[in-house]
Amino acid sequence: MFLFACNQNEKANNQSETETDHEETTEETSDHEEHWSYDGETSPEHWDEILKDSDCDGMYQSPINITNYIQNDSLQPVKVFFKDSTMIHEVLNNGHTIQYNFKSSDYIMFDDVKYYIKQFHFHEPEEHLIDGVRYPLAVHMVHMSEDGGYAVVAVMAKEGERSKTFDVLEEFLPVQVGETKVIDKIVNLKVSFPENKSYFHYIGSLTTPPCTENVKWFVMKDPINISLEQANVIRELMPLNNYRDQQPINGRNIKLYSE
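With the first letter of the sequence shown counted as 1, position 256 gets the number 256 in the UniProt record's numbering; the numbers rise by one all the way through.
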């Protein structure tokens with residue numbers, strides 16, 4: 001299972017703020033922001049053409065259709081060291097998604113490496129498929145280690161009961177394209193995870209330019225519930241279908257950690 005613990009170390013992670021601002025990429029102010037989109041001549045199939053310095057044509061890209069996976073008994077649980085009250089610094093609309101940025105010492109740990117929560121954002125529908133099934137909405141929680149390595153936790157969402165976490169998040173919406181609102185409010189992110197903490201794990205990439213590779217992905221097997229009303233609040237603020245199509249597996253191993 002995912003292991004939750006209170007982080008008694010209040011030392012803030014001093015990762016550069018330029019590494020927290022743009023979806024899985026962390027370069028909101030870079031040239032990438034101006035030259036890609038999800039449709040037309042700057043849609044995902046053209047990213048490698050228009051962004052010559054990116055990894056978008058790499059061998060180990062994300063997202064993928066999660067199939068032909070193996071249950072790996074040696075795979076360890078991801079330890080989640082989130083406080084009951086995680087500080088959200090700001091929310092922004094960068095024209096591609098709604099994104100919440102953090103200045104927090106909260107982190108997850110995998111293979112004895114700490115990955116600090118930097119931001120999370122939304123995709124509608126979710127980019128990964130699980131056995132060919134695509135969920136209507138997902139949250140990507142982006143973490144970064146002190147040496148700049150990425151770990152992304154993807155949490156699917158389906159229509160159901162209202163989410164208390166989403167109730168808090170939506171207090172700060174709407175935000176228009178190009179707008180940033182400073183929040184500096186607390187939220188309990190622990191309840192953002194499904195009750196069953198089984199997950200799929202593979203090595204991939206960021207799903208937005210520059211599509212950096214060697215990203216550790218943890219795709220939660222079970223979804224969380226949000227109400228249709230809550231989902232529509234998010235949808236109305238984002239581009240339609242802000243997702244990248246599935247990328248070739250190219251021989252990668254997909255592992256299942258099961259509780």
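The beta-carbon is built from N, C-alpha and C at its ideal position, and this holds for glycine as well.
### Task
Report the option in Phe81, Lys114, Val215, Lys79 whose CA atom is closest to the CA atom of His140.
Locating residue 140 in the sequence shown gives position 140, where the first residue counts as 1. Answer by Cα proximity: Val215.
| In DSSP terms, what Ile64 is bridged to | The sequence position of residue 64 within the sequence shown is 64, counting from 1. BP columns for Ile64 are empty, so no partner.
- prompt: Between Ser53 and Thr212, what straight-line distance do the alpha-carbon atoms span, to the nearest angstrom?
  reply: Sequence index remark: in the sequence shown, residue 53 carries index 53 (1-based). Sequence index remark: in the sequence shown, residue 212 carries index 212 (1-based). Reading off the sequence, residue 53 comes out as Asp, not Ser. The alpha-carbon atoms of Asp53 and Thr212 are separated by roughly 11 Å.
query: In whole angstroms, what is the alpha-carbon distance linking Pro194 and Met220?
result: Numbered from 1 along the sequence shown, position 194 holds the residue referred to as residue 194. Numbered from 1 along the sequence shown, position 220 holds the residue referred to as residue 220. When rounded, the distance between both Cα atoms is 8 Å.
Can you tell which of Lys114, Arg244, Phe81, Thr67 has the C-alpha that lies nearest to the C-alpha of Asn250?
Mapped onto the sequence shown, residue 250 falls at position 250. The candidate whose alpha carbon is nearest that of Asn250 is Thr67.
- From Lys197 to Asp222, what does the alpha carbon distance come to, in whole angstroms? As a first step, residue 197 is located in the sequence shown; it is residue number 197 there, counting from the start. As a first step, residue 222 is located in the sequence shown; it is residue number 222 there, counting from the start. So the alpha carbons of these two residues sit roughly 8 Å apart.
Quiz item: Does the distance from the CB of residue 316 to the CB of Phe81 come in under 8 Å?
Solution: In the structure displayed, the chain extends from 1 to 259; residue 316 sits before or after that span and is not available.
In whole angstroms, give me the CA-to-CA distance for Leu228 and Asn188.
The sequence position of residue 228 within the sequence shown is 228, counting from 1. The sequence position of residue 188 within the sequence shown is 188, counting from 1. Linking Leu228 to Asn188 through their CA atoms gives a straight-line distance of about 22 Å.
Subject >> Alpha carbon of Ala138 to alpha carbon of Pro239, nearest angstrom >> reply: For the purposes of this step, residue 138 is taken as the residue at position 138 of the sequence shown. For the purposes of this step, residue 239 is taken as the residue at position 239 of the sequence shown. Cα-Cα distance, rounded: 14 Å.
Practice task
State the Cα-Cα distance for the pair Gly58 and Ser205, rounded to the nearest angstrom.
Solution key: Here residue 58 refers to the residue found at position 58 when the sequence shown is read from its first residue. Here residue 205 refers to the residue found at position 205 when the sequence shown is read from its first residue. Straight-line Cα distance between these residues: approximately 9 Å.
Say whether chain C places a C-beta atom closer than 8 Å to the C-beta of Leu169. Absence of chain C from the displayed structure is noted, only one protein chain being present.
- Which of helix, strand or coil DSSP assigns to Gln99: As a working mapping, residue 99 is identified with position 99 in the sequence shown. Note: Gln99 maps to strand in three-state DSSP.
Inset, instruction - Answer yes if the region 176-184 comes into contact with the region 156-166, meaning at least three C-beta pairs across the two stretches below 8 Å, and no otherwise. - result: no
Query - Burial state of Arg252, where buried means 16 or more other Cβ atoms lie within 10 Å - result: Locating residue 252 in the sequence shown gives position 252, where the first residue counts as 1. Exposed.
**Item:** Beta-carbon proximity list for Val142, same chain, < 6 Å, skipping 5 on both sides
**Value:** Translated into positions along the sequence shown, residue 142 becomes position 142. Glu24, Lys118, Gln119, Val152.
Simplified DSSP state of Leu206, which is helix, strand or coil: For the purposes of this step, residue 206 is taken as the residue at position 206 of the sequence shown. In the structure shown, Leu206 sits in coil (DSSP, three-state: anything other than H, G, I, E or B).
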